[in-house]
Amino acid sequence: MIQEALREIQRGTAEIIDGERIEKLLKNYYENGQTYTVKAGFDPTAPDLHLGHTVLLQKLAIFQKYGAKIQFLIGDFTAQIGDPTGKSATRKTLSALDIEENAKSYKEQVFKILDPEKTEVVFNSDWINALGAAGMLSLTTTFNVARMLERDDFDKRYKSGTSISISEFIYPLLQGYDSVHLKSDIEIGGTDQKFNLLMGRHLQRAYEIGKEQAVLMMPILEGLDGVQKMSKSLGNYIGVSEEPNEMYGKILSISDELMWRYYELLSSQTLDEIEVLYVNVNNGSVHPKTAKEDLALEIIERFHSKEAAEEAKTEFQRVHANNEIPTDMEEFELSESPIWIAKALVECKLTPSTSQARRDIKQGAVKIDQEKIEEEQFQMQSGEYILQVGKRKFAKARVK
RNA sequence: GGUGAGAUAGUCAAGUGGCCAACGACGGCGGACUGUAAAUCCGCUCCCUUCGGGUUCAGAGGUUCGACUCCUCUUCUCACCA
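The opening position of the first sequence corresponds to residue 147 in our numbering, with each subsequent residue numbered one higher.
So, in structure tokens, the structure goes:
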């Protein structure tokens, strides 16, 4: 049992510091029923989660399965400073109201993965405000500037003469102090958080609370392209609140190779189950598409529902495999009658300009009621039509 | 504060008086193909109802028959010096 737990906990991790300690905690849980705490900090600046963020949450869910109590920390105090990690310039601060708002939508999304019974949501302003000037001062005596400057991002900024605010030095200290206050047994975070995570160990030692947290780091999830990290700004992400149909299509579009990475980091299936699947796909008894479909279904079910997932699958089948029309599409009332086809496409937002529309027609991408349009000058008479550009863009148009 | 370099379409990046709506790469879109919105191959990629017209190469002026390309000023970025 402990072995299984350990395997699942180690699954997909980038690095574990003090793995022995984790082993001891598990042993203690299975032999004495003693639970332990796992801390994970979240910055309330970005409440719009995508699958990349859920890698950490999945890991937390696994810990819950094996006896952990999660300390889900919302860094409302530290958000006022802004985490300097990976940043090349000082960040602007957030208002208290923004933070409160963000924290709220955070919780909604997070409990789709975590078990609320085994999760304690905490705000670090609770104890950091209580620290006071004296407490803060003594916190700063535990570390020195030289070591702080060893941090890669600080180092670069210092050398290039980019401003580093003193408050940014405080940030890792405060994050570490959270671990002191919460007496965390384990803290998990992304690989980019290494410095901050280790600070927790350092401070727990300095404050002599009798333990030093183990640290577990998860890799950054690759985006749909399989190369760059998943991020909103790169547009290669799957948001947790996206429509089921969108999610389904996006997951199916990843490469077969990337699929296994997603299985490892995102699926709730056990390693053994995945291993079996992997073998079956490789020996040809299971089609890779089936494996990908199952992954898509699992993920959609997690954020929506089983029915929604099944519907998305049916819909995808209909539109892409059978070349049929989707069940739902946007409807538009057109301005003229009769209307030039290129203009109609622009009005239905299927193409950004009439020039683009004409190119699409020339390339044979435009269909009305499933019929390909060859003639650029085509005029639409009054009636209701289904317009289509390419395989994926549909609209219902009404000509008066 | 001084000197030098630079600012080109979504991004990167060619072009240094007409052959430029502007090479190329990436991205995006479309077509073929496919288990897929993957991979591969092909095409398109400023706007305008089109063998034509309009507006572009940081901004404003100027030189010229003609400028993204030359000159002046302005703004911003970068490098070196102080």
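Ideal Cβ positions, reconstructed from N, Cα and C, are used throughout, including at glycine.
Cβ contact (3+ pairs, closer than 8 Å) linking the region 468-484 and the region 529-544
yes
Quick one: grab the DSSP three-state call for Met526.
strand
Among residues of its own chain, excluding the 5 on either side of Gln350, which ones have a beta-carbon nearer than 7 Å to its beta-carbon?
Ser325, Val326, Lys357, Glu358 and Gln359
Neighbourhood of Asn426 by C-beta distance below 6 Å, restricted to the same chain and skipping five residues each side
Val432
Using the three-state DSSP reduction, which class does Met393 fall into: helix, strand or coil?
helix
Provide the residue(s) that pair with Val547 in DSSP beta bridges, ordered along the chain.
Shown here, the chain extends from 147 to 546; a query on residue 547 therefore has no answer.
Beta strand (DSSP E) containing Gly510: first to last residue?
That residue, Gly510, is in no beta strand (DSSP E); it is neither H nor E in DSSP.
Three-state class that DSSP yields for Ser234 in the structure shown:
With a pLDDT of 47 at Ser234, under the threshold of 50, the modelled position of that residue is not reliable, and the figure given next carries that caveat. Ser234 falls in the coil class under three-state DSSP.
Residue range of the unbroken alpha helix (DSSP H) whose run includes Met405:
Asp402 to Leu412
Classify Met147 as buried or exposed, calling it buried when 16 or more other Cβ atoms lie within 10 Å of its own Cβ.
exposed
Ignore the nearest five residues each way along the sequence and tell me which others in Tyr304's own chain have a CB closer than 8 Å to its CB.
Leu295 and Ile310
Nearest-angstrom Cα separation, counted from Glu461 out to Ala467
10 Å
Are the CB atoms of Arg297 and Phe341 nearer to each other than 9 Å?
yes
Can the beta-carbon of Phe449 be found closer than 9 Å to that of Ser387?
yes
Just curious, the beta strand (DSSP E) that Ala186 is in, first and last residue?
Tyr182 to Phe188
Smallest Cα separation from Ala186: which of Gln149, Gly213, Leu219 and Arg167?
Leu219
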